[in-house]
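Okay, structure first, notes after.
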Amino acid sequence: MLAVRSLRKPAVHDDVPALPLYRSAPALDVRLEEFELFAIDRLRVLKGISDGLSRGKKHEEMEKLVRDLWKANMRHPQASEVINKDIISHFVLRLVYCRTEELRKWFLSMETALFRHRFRDEKPEAQRFLMAEFGLAYKKVDISELESIIDKLAQVARSTGQSSLPTADAIFYKVPFEEVPELVGGRRVFISKGHAYIAMSQVVSLVATHFRSQLSKALMLTNRNWTTTIVEQEKKSVDPREYWIANLIVEALSTSYLGPDYSQPKEFAEISLRDIDDIAKSSFPMCMRHLFEKLREEHHLKHGGRMQLGLFLKGVGLKLDDALAFWKAEFSRKVGAERFDKEYSYSIRHNYGREGKERCFLLFKTLQFLFMVLCVMITIKSVYFWALQDYTPYSCQKIISSTPGVGDHHGCPYRHFSEENLTAALSRMGVNSRAVGDVMNKVRNKHYQLACTLTFEAVHGSSCDSGINHPNQYFSDSQIIMKSKNHSTAKDTQMEIES
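Just so you know, the sequence shown maps onto residues 1 to 499 in the UniProt record's numbering.
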């Protein structure tokens, strides 16, 4: 059993909210499969929030989105274990996202957004309890003072478009204005003599600021201790085999892909070499279209490009024989047919699972022996997954995180292209100037997957609410739209003929 230990157990009260403050890890025993599955479920929630914010969803839409995401992903068969799942998943992801400044920044923003939405759903009594837990024991504005400023408060309410105006029996708190920068910046509070008067409904901004500060410090501390104190404690307290696997899980989660498996084509059985050029123009995402065009132009791609494009083509239905013919036709023009057969054909067959089985078996036996020596025996299933996981089509996150070198053409164009080259590529795909501007705005804010989503919508004239998370998803969604349009056109033509 893998134990996640803390200095103390969080106090439990019948009248307190179910919203934890995550101040210390609970003294709970966590099964290894739960360690990963709980974290993945919470990661789906955080990534859903990130997508919603990136797409500019309104407040009401975000409220519904967060509730739906939480309900869909954070349930547990045993109601009593829901809060444990909440706490465990948070601390696992804290380990995952403490490692770099970029990861910490993303996790901090998404967890704070999640906390803010969950806090709003709590009852006023629970909200006051949480305020006290943060040491925010502010006194309510008394009736006489409230009556003296009620007109000012009403003026602020009207200027911010609030539907209801404050009344003399409303609950307001007086706090130092620097503690609610979000409200002050939005001119949503009345300020007098260095204090902001905030309504009970606005307390979330105050509490969220303190939650964010607490979590930020905790992430820095976790990062500092991960390779020293925590690692040594875990090594002494858990089975080395499970610790080793848990460490692999933590390493992998920050770049994990949570969507459908595209290792085998599902909706579209195959694509033919005869149609591949037309399909590339109509249904390939920019990253794959760029690789395809460079292959046609230069008759060669380096290893990173061959893997990225080759596995994508496998996922969209290009059969092995056609794949060999396709790559050989291009590479032979530069390196010759004999050299292609000798140096490149093996890797293509290997990607399709037709080569390397004997080598994989020998690799497994070698690893198995080493793990026995190191007392970290793991199952065949785990080794098989670990050894073969790179031979599935690359997700957007994997492509975005790659770092192409000089002469490479793989990676994400939205991240790696210059603005001039990206604008030109968008124009070649048929994206109009207005949509190009929207895409470039997302790129400047580093929302690369959303930029690809906007490109998809502009090219196909159809919305993509789920967002683009995988090149093969882009292809599948595109083909659905294209086939629907072709069917409608054929139906209209038939009706004209019959009339």
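The beta-carbon is built from N, C-alpha and C at its ideal position, and this holds for glycine as well.
Since the structure is predicted, the reported quantities are computational estimates derived from the model, not experimental observations.
Check	Outcome
Only counting the same chain, and skipping five residues up and downstream in sequence, which positions put a Cβ closer than 7 angstroms to that of residue 116?	204, 208
If you reduce the DSSP assignment to three classes, tell me which class residue 511 lands in.	The structure shown does not extend to residue 511, since the chain is modelled only from 1 through 499, so no value can be given for it.
Which residues in the same chain as residue 157 place their Cβ atom closer than 7 angstroms to its Cβ, once the five residues preceding and following it in sequence are excluded?	165, 166
Quick check on the burial criterion: 16 or more other C-beta atoms within 10 angstroms. Buried or exposed for residue 385?	Residue confidence is low: residue 385 scores 38 on pLDDT, short of 50, so the model does not pin down where it sits. Its coordinate-derived value is still stated next. With fewer than 16 Cβ atoms within 10 Å of its Cβ, residue 385 is classed as exposed.
From the DSSP output, read off the bridge partner residues of residue 192.	195
Is the number of C-beta pairs between the region 336-344 and the region 285-295 that are closer than 8 angstroms three or more?	no
Indicate the three-state DSSP secondary structure (helix, strand or coil) for residue 292 in the structure shown.	helix
Under 8 angstroms, do residue 392 and residue 311 count as touching if we go by C-beta distance?	yes
Counting C-beta neighbours from all protein chains within 10 Å, is the total for residue 389 16 or more, i.e. buried, or is it exposed?	Here residue 389 scores only 41 on pLDDT, less than 50, and its place in the model should not be relied on; the value that follows carries that caveat. Per the 10 Å Cβ criterion, exposed.
Buried or exposed for residue 100, going by 16 or more other Cβ atoms inside 10 Å?	exposed
Count the other CB atoms within 10 Å of the CB of residue 486; is the residue buried (16 or more) or exposed (fewer)?	exposed
Do you know offhand how far residue 463's Cα is from residue 476's?	14 angstroms
List in chain order: all unbroken alpha helix (DSSP H) runs of 4+ residues lying wholly within the region 71-151.	82-97, 101-120, 124-133
Work out the CA separation of residue 112 and residue 197 for me, nearest whole Å.	23 angstroms
Please look up how many angstroms separate the CB atoms of residue 138 and residue 174, rounded, as I've assumed it's under 8 angstroms.	7 angstroms
When you compare only the Cα positions, how much space is there between residue 102 and residue 316?	33 angstroms
Whole angstroms is fine: what's the gap from residue 170's alpha carbon to residue 178's?	23 angstroms
Could you name the residues of the same chain whose beta carbon sits closer than 7 angstroms to that of residue 551, not counting the 5 residues immediately before and after it, in chain order?	With the chain covering 1 to 499 only, the question about residue 551 has no answer from this structure.
Can you list the beta strand (DSSP E) stretches of 3 or more residues lying completely in the UniProt domain "DNA primase large subunit C-terminal" (278-358), in chain order?	none
If distances are taken between C-alpha atoms only, which option among 299, 155, 211, 214 comes closest to residue 188?	155
Tell me which residues share the same chain as residue 18 and place their Cβ nearer than 7 angstroms to its Cβ, disregarding the 5 neighbours each side in the sequence.	83
Provide the residue(s) that pair with residue 174 in DSSP beta bridges, ordered along the chain.	197
Between the region 394-402 and the region 434-444, do at least 3 Cβ pairs fall closer than 8 angstroms?	no
Can you round the beta-carbon distance between residue 38 and residue 89 to whole angstroms, since I take them to be within the 8 angstroms contact cut?	4 angstroms
Would you kindly work out how many angstroms separate the C-alpha atoms of residue 91 and residue 217, rounded to a whole number?	14 angstroms
Quick one: Cα of residue 452 to Cα of residue 168, how far?	51 angstroms
Should residue 478 be labelled buried (16 or more other beta-carbon atoms within 10 Å of its own) or exposed?	buried
In the DSSP assignment, find the alpha helix (DSSP H) that holds residue 414 and state where it starts and stops.	413-416
Within 10 angstroms of its Cβ, does residue 534 collect 16 or more other Cβ (buried), or is it exposed?	Residue 534 cannot be examined here, being either before or after the span of the chain that is shown, 1 to 499.
Rounding to the nearest angstrom, what Cα-Cα distance links residue 421 and residue 40 in this structure?	36 angstroms
How many whole angstroms separate the CB atoms of residue 42 and residue 62, which I take to be in contact at a CB cut-off of 8 angstroms?	Their Cβ separation, rounded to whole angstroms, is 17 angstroms, which puts residue 42 and residue 62 out of contact at 8 angstroms.
Please give me, in chain order, every unbroken run of the beta strand (DSSP E) with length at least 3 that falls completely inside the region 414-479.	none
From this set, 120, 314, 195, 319, which residue's C-alpha is nearest residue 60's C-alpha?	120
Which two residues bound the contiguous alpha helix (DSSP H) that contains residue 398?	396-401
Going by C-alpha to C-alpha distance, which of 294, 145, 45 sits closest to residue 407?	294
On the CB-based measure, 16 or more other CB atoms within 10 Å of its CB, does residue 56 come out buried or exposed?	exposed
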